[in-house]
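So the structure is just underneath, and the comments pick up after that.
Protein chains: 2
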Amino acid sequence: MIKVALGIDIGGTNTVFGCIDPQGNCLMEGSIPTQKHDRIEDYLDELFEAIELGLQNPANDLKIIGIGIGAPNASYYSGTIEKAANLPWKGSIPLAEMVRKRLDVPVVITNDANAAAMGEKVFGAAKGMNNFMVITLGTGLGSGIVVNGELLYGHDGFAGEVGHMIVRKSGRECGCGRKGCLETYVSATGVKRTVYKLLARHLGASELRDIPFSQLTAKMVAEAAGRGDLVANETFSYTAKMLGEVLANVVAVTSPEAIFLFGGLTKAGDILFEPVRETLESQLLDIYKGKISVLPSGIVDNAAVLGAAALVWNSKNNR
Amino acid sequence: MIKVALGIDIGGTNTVFGCIDPQGNCLMEGSIPTQKHDRIEDYLDELFEAIELGLQNPANDLKIIGIGIGAPNASYYSGTIEKAANLPWKGSIPLAEMVRKRLDVPVVITNDANAAAMGEKVFGAAKGMNNFMVITLGTGLGSGIVVNGELLYGHDGFAGEVGHMIVRKSGRECGCGRKGCLETYVSATGVKRTVYKLLARHLGASELRDIPFSQLTAKMVAEAAGRGDLVANETFSYTAKMLGEVLANVVAVTSPEAIFLFGGLTKAGDILFEPVRETLESQLLDIYKGKISVLPSGIVDNAAVLGAAALVWNSKNNR
């Protein structure tokens, strides 16, 4: 019998789960589509049938000691999902309680960026670090902040919305209804918007002039940059500088020893990381200079599930 | 025999100390000038003679169980004061160790804004709060941030420099060598600078036109505002809006339940607090709206000494 944590990542398209041992090995895994059921109970029926099936495999002699769930708009304190725009279940869903009724073990839920931070601490490149942050660069920009070895939740469970720091007064429209939020510049979507801004401003040739806005992806921009496209390169430079500037301000609040960049956009590599590091270092207050590393995530596979399971393994009760 | 914490506040002009019981009563107090001795040992000789004298008073039957020290540029982790511009002792001073040699009890040191935050939590208006921040508005802008019931120190002990968040690119010159830091706008000094900017921009009458920059104080500006002076009023409005905007961004990092404003500038009262509240509320991300109070400090007298002593009384060992 091997003790494992069940990690569940509820994404907009798929829900992925896995049984993770204390060393981060995935001993059983699976997934179901997230959007099939309008009723959360039906969704949980399918999810737990799939989990049961995995556990019945005689090769698996697993004992689940706790469940960690990463989900959009999840509140750690209340154990609920609140008005998540990309999930089919409306209003406030008492997810932790509903899951606990199906499997009577401790259940922790939090948003995906916080789960990513815990994954980094327990299984990734932040092992042994007690003060660091993870920036997730996907469609939006998420952040998970660890201080004194624990996730920073704030008084309501919603701390760590660095993507919604306002960085340009009267700047780009944000999905949150305000203007100038960091994630409108620094995210896959932000990269697309910057490409179009630069195509409008400059006259130089660019392969990106042939792609309509609705079909453009950040990956295409990174590939064009790799081929020397000037607009693509300037886009990454602009994105990275904006991120570096804001990180310098966040450092003045939390003073982390490292900042990890995570998610699709980081596949761009040095054309993203180098100008982030340069700008951050040049903008930092003296006392912080030379102290803060900007690093890629140390987790290669199953990042979301490992992060969710790490919520269980980081708990004081399980150490 | 009454158990007390010895609180010591090392200011640029005076060093104030007091013996504080767990209820926040000051049972013995005194002060010495900070600048008299070039050698830190001579300064500590005089300080501890004064403390001994106070303890010898037969009316005082006090037992000091710990010492808390608030000082500029103090590092909690190393117990040192580092290159404090306004103190006579240069380089790195191992203050905690030197004090422990004179009185063999636990010694905690931190900067004055952190001490103010602990004072608020233990003796002031933040009792029972585990996630809040204190903004000290003096010559500069300091910040002490409490998360999960403990001070946020960051990995190096220097977290909480909200005054050095850059709020205007290529903005006002700051003493830190950079430009556009929050404290160049929001502080007693920032208020003076804003008055002069507005006097240059507008032609309207203002009593502040008769005061040279070197003699102007934030108190004069507050008094002029009270008399209806337009430039003085616009100055406070500008200052408060800038603070509200930045606090909205800090909330997106730490999600506190309350923000306390502390220090000389807060004597201006509603002409400062009201526009801070309005701007903060209007700039907040939806999930934070209506949740965060902006309040005056709940500590009336001896704030610095109470804050220093609170470092001792908040320690888990003394609860």
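These protein sequence lines are chains R and Y, in that order. Residues 972 to 1290 in our numbering are what the first sequence spells out, letter by letter. Residues 972 to 1290 in our numbering are what the second sequence spells out, letter by letter. All C-beta atoms, glycine included, are put in the ideal place defined by N, C-alpha and C. These numbers were taken from a predicted model, which means no experiment stands behind them.
* Asked: Beta carbon of GLY1041/R, beta carbon of THR1225/Y: below 7 Å?
  -> no
* Please determine, among LEU1243/Y, ILE1011/Y and GLY1161/Y, the residue with the shortest C-alpha to C-alpha distance to GLY1215/Y. => LEU1243/Y
* **Distance CB(ILE973/R)-CB(GLY1090/R) smaller than 7 Å** => With a cutoff of 7 Å on beta-carbon distance, ILE973/R and GLY1090/R are scored as not near each other.
* Using a Cβ-Cβ cut-off of 7 Å, state whether SER1226/R counts as contacting chain Y. => yes
* Asked: Using the beta-carbon count (16 or more within 10 Å), is GLY1146/Y buried or exposed?
  -> exposed
* To do: Report the option in ILE1064/R, GLN1254/R, ILE1230/R and GLY1240/R whose CA atom is closest to the CA atom of ALA1084/R.
  => ILE1230/R
* To do: Report all residues from its chain with a CB closer than 6 Å to the CB of MET1213/R; omit the five preceding and five following residues, and keep chain order.
  => TYR1156 and VAL1157, listed in sequence order.
* **GLU1132/R, DSSP secondary structure in three states** => coil
* To do: Say whether chain R places a C-beta atom closer than 7 Å to the C-beta of VAL1221/Y.
  => yes
* Should CYS1147/R be flagged as near chain Y, meaning a C-beta pair shorter than 7 Å? -> yes
* Asked: What residues of chain Y sit near ILE1080/R, judged by a beta carbon separation below 7 Å?
  -> Neighbours of ILE1080/R on chain Y: none; closest Cβ ~16 Å, over 7 Å.
* Asked: Taking just the CA atoms, how far does LYS1061/Y sit from ARG1172/Y?
  -> Here the alpha carbon of ARG1172/Y sits roughly 42 Å from the alpha carbon of LYS1061/Y.
* Taking only beta-carbon positions, decide if ALA1130/Y is within less than 7 Å of chain R. => yes
* Show which residues of chain R have a CB atom less than 8 Å away from the CB atom of GLY1235/Y. => Result: empty, since nearest Cβ-Cβ is about 23 Å, beyond 8 Å.
* Within 7 Å (strictly less), CB to CB, does VAL1118/R reach chain Y? -> yes
* To do: Taking only heavy atoms of the ligand FAD into account, decide whether any of them is closer than 6 Å to the Cβ of CYS997/Y.
  => What this structure holds is no ligand at all, so the ligand FAD is not there to describe.
* **Backbone CA spacing between PHE1184/Y and PRO1004/Y [nearest angstrom]** => 28 Å
* To do: For LYS1262/R, return the contacting residues in chain Y, with the cut-off set at a CB-CB distance below 7 Å.
  => Within chain Y, the residues near LYS1262/R are ASP1127.
* Quick one: is ASN1028/R buried, meaning 16 or more other Cβ sit within 10 Å of its Cβ, or exposed? -> exposed
* **Selection from GLN1006/R, ASN985/R, ASP1013/R and LEU977/R that minimises the alpha carbon distance to ALA1022/R** => For the sequence presented, residue 1022/R should be read as Ile rather than Ala. Selected option, being the one with the closest Cα: LEU977/R.
* To do: Output the distance between the C-alpha atoms of GLY1120/R and LEU1024/Y, rounded to the nearest integer angstrom.
  => 43 Å
* Asked: Can you round the beta-carbon distance between TYR1047/Y and GLY1128/Y to whole angstroms, since I take them to be within the 8 Å contact cut?
  -> 4 Å
* Out of ASP992/Y, LEU1058/Y and GLU1178/Y, point me to the one whose CA is closest to TYR1014/Y's CA. => Checking every option, the nearest Cα to that of TYR1014/Y belongs to LEU1058/Y.
* Asked: How should ASN1102/Y be labelled, buried or exposed, when 16 other C-beta atoms within 10 angstroms of its C-beta is the threshold for buried?
  -> buried
* For LEU1170/R and LEU1018/R, the rounded distance between their alpha carbons -> 46 Å
* Beta-carbon neighbours of TYR1047/R, restricted to chain C and to distances below 8 Å -> Here the protein chains are R and Y, and chain C is not one of them.
* Asked: Taking ILE979/Y as the reference, which of GLY1278/Y, TRP1284/Y and SER1286/Y has the closest Cα?
  -> GLY1278/Y
* Asked: Hey, quick one: how far does the beta strand (DSSP E) through ASN985/Y stretch, first residue to last?
  -> 985-991
* Asked: What are the residues of the region 1237-1263 of chain Y that lie near chain R, defined by any Cβ-Cβ distance shorter than 8 Å?
  -> GLN1254, LEU1256, ASP1257, ILE1258, TYR1259 and LYS1262
* To do: Measuring only between beta-carbons, confirm whether HIS1135/R sits less than 7 Å from chain Y.
  => yes
* Inspect the beta-carbon positions of PHE1233/R and VAL1093/R and report whether they are closer than 7 Å. => no
* **Endpoints, beta strand (DSSP E) assigned at GLU1000/Y** => 997-1004
* For GLY1235/R, which residues from the same chain have a beta carbon less than 8 Å from its beta carbon, with the 5 sequence-adjacent residues on both sides left out? -> LEU1108, GLY1109, ALA1159, ALA1189 and LYS1190
* Between SER1268/R and ALA1088/R, what straight-line distance do the alpha-carbon atoms span, to the nearest angstrom? -> 9 Å
* **Within the region 1207-1235 of chain R, ranges of the beta strand (DSSP E) (whole runs, at least 3 residues)** => 1229-1233
* **Close-in-space but distant-in-sequence residues of the same chain around TYR1167/R (CB under 7 Å, 5 per side omitted)** => The residues PHE1184, in chain order, have a CB closer than 7 Å to that of TYR1167/R in the same chain once the five nearest residues on each side in sequence are set aside.
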